[in-house]
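Chemist: In terms of our numbering, the sequence shown is residues 1 to 363. Even for Gly, the Cβ is constructed at its ideal location relative to N, Cα and C. I have a structure here, written as structure tokens, and I will follow up with some questions on it.
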Amino acid sequence: MKFIKSNLLLFSVLLTALVVFSVLLTFSLMTSGKIEDLKSEISDAESRIKSQRSEKMPFEGLDYELDMARKDLVRLAALERAQNRLWGQVLASENNLSKTWKKKSPESINSSLIRQYTQLRELCRSKNVVLPGGSQGGPATPFLDAPSQPAEEFGFGLKSYDGNWPNFSSEEAQLLGVQIEIIKQLVGFVLESATKDYPLRLAYIHREPVGETDEGNIGDDLLELDDREASLLKTHGILDSMCFEIQFVGITSHARTFLNSLRPPYLLRKFVVERDTDDSSTAFSPDPGDPALGIASPESSELPIVQDVRSKFTFLIEYVTGVDRDAEAFFTGILENVEADDQSLRDFLEASGHGALTETLIE
């Protein structure tokens with residue numbers, strides 16, 4: 001006891017330490033279970049975070065991609081609007097004979113064709129255009145045969161129906177009526193190309209048949225498309241058209257004038273220039289020593305002599321009758337398998353010129 005009294009401070013410290021140890025031991029035993037629970041919760045939280053990161057991985061940069069997609073839509077809308085404008089100009093609906101054509105009876109079309117034969121032959125004679133088989137009706141020029149009288153047998157691509165009109169269906173007759181008007185216009189371009197001083201010789205006009213009856217009666221005016229398909233747009237399903245091939249013999253200015261006349265819906269698909277070897281005209285060969293011509297003799301100078309400058313020009317022409325751009329069917333097919341944002345789709349349709357389809361495509 002005396003020892004305890006003399007060492008009271010020491011025992012007080014030991015007692016305090018023992019109490020603290022007991023308290024801490026008790027607290028440790030009480031919280032050890034909670035710590036394990038907290039560790040488990042932390043581990044679960046880490047797992048959830050990793051899982052969420054994995055799920056979000058495909059969507060990283062989505063905002064950037066969405067912004068780029070919207071910019072692409074703006075560019076596509078501008079391109080689509082430009083395409084609409086381009087094909088509208090190609091079709092040229094206001095001046096397109098297939099679009100402005102008014103239905104007529106086959107008999108009326110036949111009557112128009114009969115009148116057209118006479119009109120075109122007379123116009124060719126008056127405009128210095130020589131027709132195949134025509135009799136000579138004037139002096140020859142340095143560049144071409146003498147102008148001819150009307151060639152009654154030339155049918156301007158429609159020879160088979162000069163005095164013969166098969167039993168066409170109404171639909172086929174309408175298509176043939178359109179071709180008759182197109183040929184009339186093409187011959188008009190030829191007439192504009194000839195001049196008083198330089199006549200032009202029309203060789204042939206070939207055309208694509210418009211149906212089975214026409215194909216069976218078209219004869220030598222048939223335009224064979226098999227070896228020309230690569231040159232035609234209709235072959236690629238881009239548009240619908242009627243094809244013609246016209247050939248004439250003349251000088252360069254004739255071809256230039258004719259080419260300048262071919263504006264939409266006429267599309268020039270092939271142009272061939274050949275030396276005209278079928279020369280029955282009197283070649284222009286002036287005497288170099290003839291003083292009347294003002295040409296010096298060979299002794300004084302040497303000048304080139306122009307003997308024949310004629311060429312044979314062949315034009316393969318597509319006349320556009322329709323453009324395959326059914327925007328409603330196209331967009332409907334696309335949207336069947338795609339979930340589109342309504343606002344983005346609406347903006348695209350408005351910007352691309354298809355605003356009229358908004359109600360149809362966005363229900």
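Return the chain-ordered list of same chain residues with a C-beta closer than 7 Å to the C-beta of K103, the five sequence neighbours on each side being excluded.
Modeler: By 1-based counting over the sequence shown, the position of residue 103 is 103. Q174.
Chemist: Between the Cα of G188 and those of F258, K312 and I251, spot the shortest distance and give me the residue it belongs to.
Modeler: Numbered from 1 along the sequence shown, position 188 holds the residue referred to as residue 188. The shortest C-alpha separation from G188 is found at F258.
Chemist: Hey, V249 and D221 are a contact pair by Cβ (cut 8 Å); roughly how many whole angstroms apart?
Modeler: Walking along the sequence shown from the start, residue 249 turns up at place 249. Walking along the sequence shown from the start, residue 221 turns up at place 221. In fact, because the Cβ distance is near 18 Å, the residues do not count as touching under 8 Å.
Chemist: For the candidate residues N164, E172, Q179 and L9, whose alpha-carbon lies nearest to that of L157?
Modeler: Within the sequence shown, residue 157 is the residue found at index 157, counting from 1. What sits at residue 157 in the sequence shown is Gly, not Leu. Minimum Cα distance to G157 is reached at Q179.
Chemist: Once you ignore the five residues that flank E80 on each side, which residues in its own chain have a CB closer than 8 Å to its CB?
Modeler: Here the question's residue 80 lines up with position 80 in the sequence shown. The residues are S352, G353 and H354.
Chemist: Considering only the alpha carbon of each residue, which of T235, D347 and E350 lies closest to D324?
Modeler: Start at 1 with the first residue of the sequence shown, and residue 324 comes out as number 324. Among T235, D347 and E350, the Cα nearest to that of D324 belongs to T235.
Chemist: For V309, which of helix, strand or coil comes out of DSSP?
Modeler: Here residue 309 is taken as the residue at index 309 of the sequence shown, counted from 1. It is coil, neither helix nor strand.
Chemist: Do A194 and H254 come within 8 Å of each other at the CB atom, strictly closer than that value?
Modeler: Residue mapping note: residue 254 aligns to position 254 of the sequence shown, counting from 1. Residue mapping note: residue 194 aligns to position 194 of the sequence shown, counting from 1. Yes.
Chemist: Check for me: the beta strand (DSSP E) holding Y204 runs from which residue to which?
Modeler: Walking along the sequence shown from the start, residue 204 turns up at place 204. Looking at the DSSP string, the run of the beta strand (DSSP E) that includes Y204 is L200 to R207.
Chemist: Considering just the uninterrupted stretch of the alpha helix (DSSP H) at I109, what are its terminal residues?
Modeler: As a first step, residue 109 is located in the sequence shown; it is residue number 109 there, counting from the start. P106 to S126 is the extent of the alpha helix (DSSP H) around I109.
Chemist: Use the C-beta contact count for G333: other C-beta atoms within 10 angstroms, 16 or more gives buried, fewer gives exposed.
Modeler: As a position in the sequence shown, residue 333 is number 333, starting the count at 1. It is exposed - the Cβ of G333 has fewer than 16 other Cβ atoms within 10 Å.
Chemist: If L335 sits next to L349, beta carbons under 8 Å apart, how far is it from one beta carbon to the other, in whole angstroms?
Modeler: Against the sequence shown, residue 335 aligns to sequence position 335. Against the sequence shown, residue 349 aligns to sequence position 349. Rounded, the Cβ-Cβ distance is 11 Å, inconsistent with contact.
Chemist: Using a Cβ-Cβ cutoff of less than 8 Å, which residues in the same chain neighbour S311 once the five nearest sequence positions on both sides are dropped?
Modeler: Reading the sequence shown from its first residue, position 311 is the one you call residue 311. Correct list, in chain order: V249, G250, I251, T252, A255, V273, E274, R275 and D276.
Chemist: At what residues does the alpha helix (DSSP H) containing S22 begin and finish?
Modeler: Taking the first residue of the sequence shown as position 1, residue 22 is located at position 22. Segment L8 to K56, the alpha helix (DSSP H) holding S22.
Chemist: At the level of alpha carbons, what is the spacing between R346 and I182?
Modeler: For the purposes of this step, residue 346 is taken as the residue at position 346 of the sequence shown. For the purposes of this step, residue 182 is taken as the residue at position 182 of the sequence shown. Those two C-alpha atoms are separated by around 41 Å.
Chemist: For the beta strand (DSSP E) that S241 lies in, which residues bound it at each end?
Modeler: Counted from its first residue, the sequence shown places residue 241 at position 241. That run of the beta strand (DSSP E) goes L239 to G250.
Chemist: Ignore the nearest five residues each way along the sequence and tell me which others in L365's own chain have a CB closer than 7 Å to its CB.
Modeler: Residue 365 lies beyond the residue range present for the chain, which begins at 1 and ends at 363; the question has no answer from this structure.
Chemist: Report buried or exposed for T118, applying the criterion of at least 16 other Cβ atoms within 10 angstroms of its Cβ.
Modeler: By one-based count along the sequence shown, residue 118 stands at place 118. Label assigned to T118: exposed.
Chemist: By the three-class DSSP mapping on this structure, what secondary structure does V190 have?
Modeler: Numbered from 1 along the sequence shown, position 190 holds the residue referred to as residue 190. Here V190 sits in helix by DSSP.
Chemist: Put K102 into one of helix, strand or coil per three-state DSSP.
Modeler: On the sequence shown, residue 102 is found 102 positions in, with the first residue counted as 1. K102 falls in the coil class under three-state DSSP.
Chemist: Please report the distance separating the alpha-carbon of R263 from that of C243.
Modeler: Position 263 of the sequence shown, counting from 1, holds the residue named residue 263. Position 243 of the sequence shown, counting from 1, holds the residue named residue 243. Straight-line Cα distance between these residues: approximately 15 Å.
Chemist: Cα-Cα, which of T100, P199 and I205 is closest to K159?
Modeler: By one-based count along the sequence shown, residue 159 stands at place 159. Nearest of T100, P199 and I205 to K159, Cα basis: I205.
Chemist: By the three-class DSSP mapping on this structure, what secondary structure does A77 have?
Modeler: Here residue 77 is taken as the residue at index 77 of the sequence shown, counted from 1. Here A77 sits in helix by DSSP.
Chemist: Beta strand (DSSP E) containing E359: first to last residue?
Modeler: The residue given as residue 359 occupies position 359 in the sequence shown. Not the beta strand (DSSP E): E359 falls in the alpha helix (DSSP H), residues T358 to L361.
Chemist: According to DSSP, is I218 helix, strand or coil?
Modeler: Indexing the sequence shown from 1 puts residue 218 at position 218. The answer is coil: DSSP assigns I218 none of H, G, I, E or B.
Chemist: Determine which residues share a DSSP beta bridge with E274 and list them.
Modeler: Residue 274 sits at position 274 when you count from the first residue of the sequence shown. Paired residue(s): K312.
Chemist: Mind checking who E229 pairs with in its DSSP beta bridge?
Modeler: Taking the first residue of the sequence shown as position 1, residue 229 is located at position 229. DSSP output for E229 lists no bridge partner at all.
Chemist: Measuring alpha carbon to alpha carbon, tell me which residue in N337, D227 and R207 is nearest I317.
Modeler: As a first step, residue 317 is located in the sequence shown; it is residue number 317 there, counting from the start. The shortest C-alpha separation from I317 is found at R207.
Chemist: Reducing DSSP to helix, strand and coil, say where G211 ends up.
Modeler: Within the sequence shown, residue 211 is the residue found at index 211, counting from 1. Three-state DSSP puts G211 in coil, outside helix and strand.
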